[in-house]
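Trainee:
There are 2 protein chains.
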Amino acid sequence: MNDVMFKRVALIGIGLIGSSISHAARRAGIVGEIVGSSSTPATRAKAEELGLVTRAYETAAEAVKDADLVILCTPIGVYGKIAREIRPHLKPGAILSDVGSVKASVVRDIAPHVPDGVHFVAGHPIAGTEQSGPEAGFAELFDGRWCILTPEPDTDRMAIAQLESFWRKLGSEVEIMSPEHHDLVLGITSHVPHLIAFNIVNTAAHLERVTDSEVIKFSAGGFRDFTRIAASDPVMWRDVFLNNKDAVLEMLGRFSEDLVVLQRAIRFGDGETLERLFTEARAIRRGVIQAGQDTGAPDFGRRPQSSKDS
Amino acid sequence: MNDVMFKRVALIGIGLIGSSISHAARRAGIVGEIVGSSSTPATRAKAEELGLVTRAYETAAEAVKDADLVILCTPIGVYGKIAREIRPHLKPGAILSDVGSVKASVVRDIAPHVPDGVHFVAGHPIAGTEQSGPEAGFAELFDGRWCILTPEPDTDRMAIAQLESFWRKLGSEVEIMSPEHHDLVLGITSHVPHLIAFNIVNTAAHLERVTDSEVIKFSAGGFRDFTRIAASDPVMWRDVFLNNKDAVLEMLGRFSEDLVVLQRAIRFGDGETLERLFTEARAIRRGVIQAGQDTGAPDFGRRPQSSKDS
Chain G
1 MNDVMFKRVA LIGIGLIGSS ISHAARRAGI VGEIVGSSST PATRAKAEEL GLVTRAYETA
61 AEAVKDADLV ILCTPIGVYG KIAREIRPHL KPGAILSDVG SVKASVVRDI APHVPDGVHF
121 VAGHPIAGTE QSGPEAGFAE LFDGRWCILT PEPDTDRMAI AQLESFWRKL GSEVEIMSPE
181 HHDLVLGITS HVPHLIAFNI VNTAAHLERV TDSEVIKFSA GGFRDFTRIA ASDPVMWRDV
241 FLNNKDAVLE MLGRFSEDLV VLQRAIRFGD GETLERLFTE ARAIRRGVIQ AGQDTGAPDF
301 GRRPQSSKDS
Chain E
1001 MNDVMFKRVA LIGIGLIGSS ISHAARRAGI VGEIVGSSST PATRAKAEEL GLVTRAYETA
1061 AEAVKDADLV ILCTPIGVYG KIAREIRPHL KPGAILSDVG SVKASVVRDI APHVPDGVHF
1121 VAGHPIAGTE QSGPEAGFAE LFDGRWCILT PEPDTDRMAI AQLESFWRKL GSEVEIMSPE
1181 HHDLVLGITS HVPHLIAFNI VNTAAHLERV TDSEVIKFSA GGFRDFTRIA ASDPVMWRDV
1241 FLNNKDAVLE MLGRFSEDLV VLQRAIRFGD GETLERLFTE ARAIRRGVIQ AGQDTGAPDF
1301 GRRPQSSKDS
């Protein structure tokens, strides 16, 4: 068994990621008590009922009291407000972290409110599903996935090492980089993919000559994969795009440029260009599987839900 | 057990779809002998070794002899050539079909070469994985998925009914529509999704400030899903885009228009528009799951490959 690393952990927000941290930390046996907070009464009730936290408070200020590790797990749009609210209540020596999908704006919103003696280390586990809420979490969510930490140059090294160790025990690999570089990398590996998934689902829903029912029935040709990503939490994603504007707009500009090249090749029947670009794209998939970031099973290992044959 | 519907079936091309038809038809017990053809010696050897066909011929002309059902399962770019080649060898009364992802151009390429007494019914099973070749097939591929048939107005009704029954026994649902409508529907549910998946993977691979290795490591944030689709067969997809140009360009134009709206909302910090459009997109996912076209399990039921925790 592992030793207890933190006697008391406070999860501010108990959705998919907060609840998964609770499951994974208990599995690892590295935490004493876990408390949490949510402004939503139903979430508080569910989190206590599921044993995710021993106590779910209404306010973050109450939850952080005496906590050795505080992790913000709400949509990033409210981080600034929470940081101001918890400031007077943070325990000296505590580590303050988060799981937000954008890092430069998060550091900007939180860092000015961190009291002396509290160690702020921003973080982002690159893991998730399209589901939300305290019931969506599970202990294996972080296994084999990467967690990126973006400490500032003057952050206490012991605190960084401790948080890194915490994430490793949750099952993650850990990498440290600057908030700005994080936002660029995630812009292309996560934010733009989500944006185009949201977009194509809405494009499909607003066609005059193809019904929604047809879009749904014949979605197994590729579209259904996009609907999964587009089922992610709208408020969380709104905040991501509002807070990683520059990187997303840059990546989106490149995506659109490249798409115009393909569009032109289709218009002029340039099969050579199409085949070459499609062949190049195929190679990256092998890298993803070799790096253990996806299953090599065909179709993600999905199988039809029911067999109609006998 | 089912009765034998076709004494001899010829699969022209024995890749993912051809081999899956063989598996599913044998599972259903509805065919006598299955033969096939491939211009690739390794494919012929593998198809015979796996028992997908009793005999794999080098030419389509040899394979179609005495076949009651002939299904073209090659990339659609060579359909015209195959249709001319097999014309003198088709058995009177035989049904000729295909599995191509585009239908108007396929009907245009094949119909003129179909001899009197042979019944041509174009078809398209909306099913697949990102893998290719004779080893990629499996019997369950069509279970619960849709197969679209696009017969011409004067096609023999008995032949249509027989082919429909064949696909149902392979596990499919069957819908009949015009080739033109098929191409519009698949343009948005399959062709454009593949194009943007190919495209974002290439955009990511050509960034100066983010390495390929970073793109791969941090792909679990959404990008990895696109790499799966972008791993599909380049030649097959080249032919799809060359042959469904009008519908794809129309759908792509709408996709790009809609993307500009999102881009502008991000640029001007219009969170209300973002949240509204993301919320709308979420609803379609529920429809896909209710229609049995995808699993409701989070993240397609994927779980990390290995647990590092003890």
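Which chain is which? The protein sequence lines are G and E, in order. Residue 239 in this note's numbering sits at position 239 of the first sequence, and the numbers go up by one each step. Residue 1066 in this note's numbering sits at position 66 of the second sequence, and the numbers go up by one each step. All residues carry an ideal CB built from backbone N, CA and C; glycine is no exception.
Kindly indicate the opening and closing residues of the alpha helix (DSSP H) around E/G1080.
Mentor: Position 80 of the second sequence, counting from 1, holds the residue named residue 1080 of chain E. Y1079 to I1086 is the span of the alpha helix (DSSP H), which, as asked, contains E/G1080.
Trainee: Less than 8 angstroms between C-beta atoms, sequence neighbours within five positions excluded: which residues of the same chain meet that for G/F255?
Mentor: Residue numbering aside, residue 255 of chain G sits at position 255 when the first sequence is read from its first letter. Cβ neighbours of G/F255 beyond the five flanking positions: V192 and I196.
Trainee: Under three-state DSSP, which class holds E/S1020?
Mentor: Along the second sequence, read from residue 1 onward, the residue named residue 1020 of chain E stands at position 20. If DSSP states are grouped into helix, strand and coil, E/S1020 belongs with the helices.
Trainee: If you compare alpha carbons, which of E/V1009, E/L1016, E/I1266 and E/K1007 is closest to E/A977?
Mentor: For chain E, the structure presents residues 1001 to 1310; residue 977 of chain E sits outside this window and is missing.
Trainee: Verify the CB distance criterion: does G/K7 have a CB-CB separation below 8 angstroms to chain E?
Mentor: Residue numbering aside, residue 7 of chain G sits at position 7 when the first sequence is read from its first letter. With 8 angstroms as the cut-off, G/K7 does not count as an interface residue toward chain E.
Trainee: I'd like to know whether the C-beta of E/I1225 is nearer than 8 angstroms to at least one C-beta of chain G.
Mentor: Residue numbering aside, residue 1225 of chain E sits at position 225 when the second sequence is read from its first letter. The question names Ile, but residue 1225 of chain E in the sequence shown is Asp. At least one chain G Cβ lies under 8 angstroms of E/D1225.
Trainee: DSSP has E/D1109 in a bridge; who is on the other side?
Mentor: To locate residue 1109 of chain E, count along the second sequence from 1; it is residue 109. DSSP output for E/D1109 lists no bridge partner at all.
Trainee: Tell me where the beta strand (DSSP E) around G/E58 begins and ends.
Mentor: Counted from its first residue, the first sequence places residue 58 of chain G at position 58. Counting along the chain, G/E58 falls outside any beta strand (DSSP E), and DSSP gives it neither H nor E.
Trainee: Which residues of the stretch 12–23 of chain G have a Cβ closer than 7 angstroms to any Cβ of chain E? Give them in chain order.
Mentor: Under the 7 angstroms Cβ criterion, the stretch 12–23 of chain G contributes no residue.
Trainee: Just to confirm the assignment, what range does the alpha helix (DSSP H) spanning G/R285 have?
Mentor: Taking the first residue of the first sequence as 1, we reach residue 285 of chain G at position 285. First-last of the alpha helix (DSSP H) with G/R285: G271 to Q290.
Trainee: Got a sec: is the Cβ-Cβ distance from G/V102 to anything in chain E below 8 angstroms?
Mentor: The sequence position of residue 102 of chain G within the first sequence is 102, counting from 1. So no, G/V102 is outside the interface.
Trainee: I need the DSSP call for G/S209, collapsed to helix, strand or coil.
Mentor: As a working note, residue 209 of chain G is residue 209 in the first sequence. The identity of residue 209 of chain G in the sequence shown is Arg, whereas the question assumes Ser. G/R209 falls in the coil class under three-state DSSP.
Trainee: Please check if any C-beta of chain G sits within less than 8 angstroms of the C-beta of E/Q1293.
Mentor: Translated into positions along the second sequence, residue 1293 of chain E becomes position 293. So, interface residue.
Trainee: Against chain G, with Cβ distances strictly below 8 angstroms, would E/A1060 count as a contact?
Mentor: Numbered from 1 along the second sequence, position 60 holds the residue referred to as residue 1060 of chain E. No, E/A1060 lies away from the interface with chain G (no Cβ there is under 8 angstroms from its Cβ).
Trainee: Count the other C-beta atoms from every protein chain shown that fall within 10 angstroms of the C-beta of E/S1310, then say buried if there are 16 or more, exposed otherwise.
Mentor: Mapped onto the second sequence, residue 1310 of chain E falls at position 310. Per-residue confidence for E/S1310 stands at a pLDDT of 31, beneath the threshold of 50, marking its modelled position as unreliable; the derived number appears in the next sentence. So E/S1310 counts as exposed.
Trainee: Counting only C-beta atoms, is G/F278 closer than 8 angstroms to chain E at any point?
Mentor: Counted from its first residue, the first sequence places residue 278 of chain G at position 278. At least one chain E Cβ lies under 8 angstroms of G/F278.
Trainee: Can you give the beta carbon distance from G/V78 to E/I1266, rounded, assuming they're within the 8 angstroms contact cut?
Mentor: Start at 1 with the first residue of the first sequence, and residue 78 of chain G comes out as number 78. Start at 1 with the first residue of the second sequence, and residue 1266 of chain E comes out as number 266. Their Cβ separation, rounded to whole angstroms, is 19 angstroms, which puts G/V78 and E/I1266 out of contact at 8 angstroms.
Trainee: What residues are listed by DSSP as bridge partners for E/C1147?
Mentor: The residue labelled residue 1147 of chain E in the question sits at position 147 within the second sequence. E/P1125 and E/V1174, per the DSSP bridge assignment.
Trainee: Along chain E, which residues have their Cβ under 7 angstroms away from the Cβ of G/H194?
Mentor: Locating residue 194 of chain G in the first sequence gives position 194, counting from the first residue. Those within 7 angstroms of G/H194 in chain E are G1222.
Trainee: Apply the 10 Å Cβ neighbour rule to E/R1145 and answer buried if 16 or more other Cβ atoms are within range, or exposed otherwise.
Mentor: Counting from one through the second sequence, the residue named residue 1145 of chain E turns up at place 145. Flag for E/R1145 reads buried.
Trainee: Give the range of the beta strand (DSSP E) segment to which E/F1300 is assigned.
Mentor: Here residue 1300 of chain E refers to the residue found at position 300 of the second sequence. Per DSSP, E/F1300 belongs to no beta strand (DSSP E) and is neither H nor E.
Trainee: Please report the Cβ distance between G/I216 and E/I1284, rounded to the nearest whole angstrom; I am assuming they are in contact, meaning their Cβ atoms lie under 8 angstroms.
Mentor: As a working note, residue 216 of chain G is residue 216 in the first sequence. As a working note, residue 1284 of chain E is residue 284 in the second sequence. Confirmed, Cβ separation roughly 7 angstroms.
Trainee: When you check each C-beta in the stretch 119–131 of chain G against every C-beta of chain E, which residues fall closer than 8 angstroms?
Mentor: The stretch 119–131 of chain G vs chain E, Cβ under 8 angstroms: I126, A127, G128, T129, E130 and Q131.
Trainee: Quick check on G/L52: does DSSP put it in helix, strand or coil?
Mentor: Mapped onto the first sequence, residue 52 of chain G falls at position 52. Coil, per DSSP.
Trainee: For a quick check, are the C-beta atoms of G/G187 and G/M236 less than 8 angstroms apart?
Mentor: As a position in the first sequence, residue 187 of chain G is number 187, starting the count at 1. As a position in the first sequence, residue 236 of chain G is number 236, starting the count at 1. No, these two residues do not count as a Cβ contact at 8 angstroms.
Trainee: What does a CB cutoff of less than 6 angstroms around E/E1130 pick up in its chain, not counting 5 residues either side in sequence?
Mentor: Taking the second sequence and counting its residues from 1, one reaches residue 1130 of chain E at position 130. Only R1228, A1231 and S1232 meet the Cβ criterion.
Trainee: Taking G/K103 as part of the alpha helix (DSSP H), name the residues at either end of that continuous run.
Mentor: Translated into positions along the first sequence, residue 103 of chain G becomes position 103. Where G/K103 is concerned, there is no enclosing alpha helix (DSSP H), given that its DSSP letter is neither H nor E.
Trainee: Taking 8 angstroms as the cut-off, decide whether the C-beta atoms of G/H124 and G/C147 are in contact.
Mentor: Position 124 of the first sequence, counting from 1, holds the residue named residue 124 of chain G. Position 147 of the first sequence, counting from 1, holds the residue named residue 147 of chain G. It is a contact, given that the beta carbons lie within the stated cut-off.
Trainee: Buried or exposed: where does G/M158 fall if 16 or more other Cβ atoms within 10 Å of its Cβ makes it buried?
Mentor: Your numbering for residue 158 of chain G matches position 158 in the first sequence. Counting Cβ neighbours within 10 Å, G/M158 comes out exposed, since fewer than 16 surround it.
Trainee: Return no unless some Cβ of chain E is closer than 8 angstroms to the Cβ of G/V99.
Mentor: Counted from its first residue, the first sequence places residue 99 of chain G at position 99. No, G/V99 does not count as interfacial toward chain E.
Trainee: Going by DSSP, which residues form a beta bridge with G/A247?
Mentor: Here residue 247 of chain G refers to the residue found at position 247 when the first sequence is read from its first residue. Answer is none; G/A247 lacks a bridge partner.
Trainee: Using a cut-off of 9 angstroms between C-beta atoms, extract the partners of E/G1137 located in chain G.
Mentor: Start at 1 with the first residue of the second sequence, and residue 1137 of chain E comes out as number 137. Per Cβ cutoff of 9 angstroms: no residues; E/G1137 is ~10 angstroms from chain G at best.
Trainee: Compare the C-alpha of E/D1116 against each of E/G1029, E/D1109, E/R1087 and E/S1190 and name the closest.
Mentor: Translated into the one-based positions of the second sequence, residue 1116 of chain E becomes position 116. If we check each option's Cα against that of E/D1116, E/R1087 comes out closest.
Trainee: Assign G/I266 to one of three DSSP states: helix, strand, or coil.
Mentor: Here the question's residue 266 of chain G lines up with position 266 in the first sequence. Note: G/I266 maps to helix in three-state DSSP.
Trainee: Establish whether the CB of E/G1271 and some CB of chain G are separated by less than 8 angstroms.
Mentor: The sequence position of residue 1271 of chain E within the second sequence is 271, counting from 1. Judged by the 8 angstroms Cβ criterion, E/G1271 is in contact with chain G.
Trainee: Quick one: what's got a C-beta closer than 7 angstroms to E/A1056's C-beta in the same chain, skipping five residues either side?
Mentor: Here residue 1056 of chain E refers to the residue found at position 56 of the second sequence. Answer for E/A1056: I1014, G1036, S1037, S1038, R1044, A1047 and E1048, listed in chain order.
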